[in-house]
Amino acid sequence: MLDHDVEDLGWELIGWDGDEVAAHVTVLTRDEILSLSTLFPERGEDELLATAVYPVVPERYAAMRAAVPRLEFKADLDYQLGGFRLS
Numbered sequence: 024m025l026d027h028d029v030e031d032l033g034w035e036l037i038g039w040d041g042d043e044v045a046a047h048v049t050v051l052t053r054d055e056i057l058s059l060s061t062l063f064p065e066r067g068e069d070e071l072l073a074t075a076v077y078p079v080v081p082e083r084y085a086a087m088r089a090a091v092p093r094l095e096f097k098a099d100l101d102y103q104l105g106g107f108r109l110s
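Heads up: take any position in the sequence shown, counting from 1, add 23, and you land on the working numbering.
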């Protein structure tokens with residue numbers, strides 16, 4: 024569980040290319056993260072997906088798009104989802 028204010032958090036879905044460049048970045052809201060968090064059972068008590076970086080395997084793409092329809096996944100990128108402090 025987080026011990027700080029969630030207003031200080033931001034989230035991104037990042038698609039990395041073969042050169043380890045962030046080639047596709049989508050900023051996510053707290054509500055979107057809450058709708059996605061159940062898709063990551065490995066998160067444990069990290070319901071806001073903010074204490075680690077979570078790999079997004081292609082098998083999760085459809086479920087993630089169902090939860091957050093605006094999400095896009097580009098071919099040949101490795102995706103990760105995670106939170107970070109804004110300040």
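Just so you know, even glycine gets a beta-carbon here, dropped at the ideal spot from N, CA and C.
Taking a contact to mean a Cβ-Cβ separation below 8 Å, would you say residue i touches residue j in this structure?
| i | j | result |
| --- | --- | --- |
| A85 | G106 | no |
| H47 | G38 | yes |
| V79 | L36 | yes |
| V91 | L71 | no |
| L100 | D42 | no |
Can you name the residues that DSSP bridges to residue i?
| i | result |
| --- | --- |
| I37 | V48 and Q103 |
| P78 | Q103 |
| R108 | L32 |
Is it buried or exposed, residue i, if we count other Cβ atoms within 10 angstroms and call 16 or more buried?
| i | result |
| --- | --- |
| L57 | exposed |
Quick one: what's got a C-beta closer than 8 Å to residue i's C-beta in the same chain, skipping five residues either side?
| i | result |
| --- | --- |
| Y77 | F63, E65, R66, Q103, L104 and G105 |
Go to residue i, then tell me how far its alpha helix (DSSP H) extends in each direction, as first and last residue.
| i | result |
| --- | --- |
| R88 | Y84 to A90 |
| D31 | First-last for D31: undefined, no H or E at that position. |
Excluding sequence positions up to five away, which residues of its chain have a Cβ less than 7 Å from the Cβ of residue i?
| i | result |
| --- | --- |
| L109 | D31, L32 and G33 |
| L94 | L36, T49, M87 and R88 |
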